[in-house]
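Peer 1:
Numbering (my numbering), first residue to last: 55 to 449.
1. Between residue 411 and the rest of its own chain, which residues show a CB-CB distance below 6 Å, the 5 nearest in sequence each way excluded?
2. What is the rounded straight-line gap between the Cα of residue 58 and the Cα of residue 394?
3. Where does the unbroken alpha helix (DSSP H) through residue 197 begin, and where does it stop?
4. Please classify residue 211: does DSSP put it in a helix, a strand, or coil?
5. Would residue 147 be called buried (16 or more neighbouring beta carbons within 10 Å of its own) or exposed?
6. When the Cα atoms are used, what is the spatial distance from residue 184 to residue 138?
7. Can you tell me which of the three DSSP states residue 355 falls into?
8. Should residue 62 be labelled buried (16 or more other beta-carbon atoms within 10 Å of its own) or exposed?
9. How many Å lie between residue 384 and residue 55 at the Cα?
10. To the nearest angstrom, report how far apart residue 109 and residue 220 are at their CA atoms.
11. Going by DSSP in three states, residue 280 sits in which element: helix, strand or coil?
12. Check whether the Cβ of residue 409 sits closer than 7 Å to any heavy atom of the ligand NAD, and report yes or no.
13. Residue 252 lies in the beta strand (DSSP E); which residues open and close that run?
14. Does residue 213 get closer than 8 Å to chain C when you measure Cβ to Cβ?
15. Can you grab the Cα-Cα spacing for the pair residue 178 / residue 391, in whole Å?
16. Could you check where the alpha helix (DSSP H) with residue 422 kicks off and where it finishes?
17. Which of the three DSSP states, helix, strand or coil, is assigned to residue 347?
18. If you drop the 5 nearest sequence neighbours on each side, which residues of the same chain put their C-beta closer than 8 Å to that of residue 118?
19. Can you tell which of 432, 115, 60 and 92 has its C-alpha closest to the C-alpha of residue 85?
And the structure:
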């Protein structure tokens with residue numbers, strides 16, 4: 055699924071590309087001007103809610119209104135974000151240069167001088183934001199969207215964070231009819247061009263030619279394996295799945311593959327609650343705005359304490375919730391599903407908390423597994439009920 059997409063304004067490159075891929079058949083609904091809201095503390099108590107507004111100038115102007123006296127810090131944040139954003143273009147050019155020339159630029163250390171993106175890439179989000187302001191709430195609001203890419207502020211590259219901030223500066227959009235419309239309209243275009251798309255065909259392994267180059271994939275069709283050959287193989291399965299599960303053992307053992315694996319660690323796991331509701335958006339008071347909810351303003355500290363806790367303690371220390379209503383974003387929803395609504399809530403969870411059930415089949419993992427999940431769900435719902443009190447009893 056998709057929560058929301060930026061850079062879809064009329065005339066943008068992203069909109070143009072998507073219209074080419076869908077032959078103009080995919081429609082987009084714009085989210086409200088306040089597309090994201092950050093809640094710090096109890097939404098029914100002493101907590102505060104800050105709003106993120108669409109529009110390149112409006113985004114930063116409204117931040118200054120909500121943080122009077124912090125104009126200089128916000129101006130500098132804007133300058134750094136825009137500077138890193140412009141540097142992405144240079145990074146793209148670097149990818150297109152011959153490898154020896156790109157390597158020369160990297161080794162000569164000219165790249166940080168020429169490219170702000172590269173210069174800021176080695177600085178963490180927390181380091182940059184802490185250097186801009188001592189205000190803990192402004193620090194939190196400038197960092198809130200880290201949940202979207204799943205890396206703690208102390209570990210996230212400021213340049214990567216800037217890409218996402220820039221992505222949503224002009225606002226946010228949602229596909230009319232839901233995320234399934236994207237595949238529905240793109241697949242015919244792919245097939246018309248001579249390609250194909252397969253569902254329920256899990257990739258079992260990457261095929262290599264005698265020279266060790268990827269030349270296709272082996273997919274499962276029922277109980278059989280079918281080899282599909284291609285001049286280029288692109289994996290979106292992540293580095294660990296690609297190298298450790300899909301590559302043949304002899305390729306996996308190569309020193310260059312092992313050296314790449316040693317440079318990375320697994321990202322944090324996620325925990326998502328999908329909620330079906332009886333009642334329309336109006337009846338339940340739901341909004342298309344996305345809510346990022348934190349119990350305090352020390353985002354990094356709360357995250358570290360949570361991830362270091364045992365699974366028995368974790369549900370009492372959830373540091374962040376992303377609360378969104380897919381049905382409220384889609385103007386066609388009420389016509390298709392009258393009197394029904396949906397919410398989705400996302401937070402972090404450690405794989406190790408659930409690891410003991412890794413070999414068990416879905417829906418057959420036993421009462422202990424279900425009880426652990428319920429502990430998290432109950433804690434999450436108590437916070438969601440504070441945000442949307444009218445949904446209680448309608449789940």
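Glycine included, C-beta positions come from ideal geometry on N, C-alpha and C.
Just so it is clear, the structure is predicted and the values come from calculations on it, not from any experiment.
Peer 2: To lay it out plainly:
1. Exclusion of the five residues before and after residue 411 leaves 419 and 423 as the residues of its chain whose Cβ lies within less than 6 Å of its Cβ.
2. 21 Å
3. Here the alpha helix (DSSP H) through residue 197 covers 190 to 197.
4. strand
5. exposed
6. 18 Å
7. helix
8. buried
9. 13 Å
10. In this structure, the alpha-carbon of residue 109 lies about 10 Å from that of residue 220.
11. strand
12. The ligand NAD is absent from the structure shown, which contains no ligand whatsoever.
13. Residue 252 -> no beta strand (DSSP E), and no H or E assigned at all.
14. Given the protein chain composition of this structure (a single chain), no chain C is represented.
15. The straight-line gap from Cα to Cα measures roughly 44 Å.
16. 420 to 441
17. strand
18. Here the set comprises 124, 125 and 128.
19. 60
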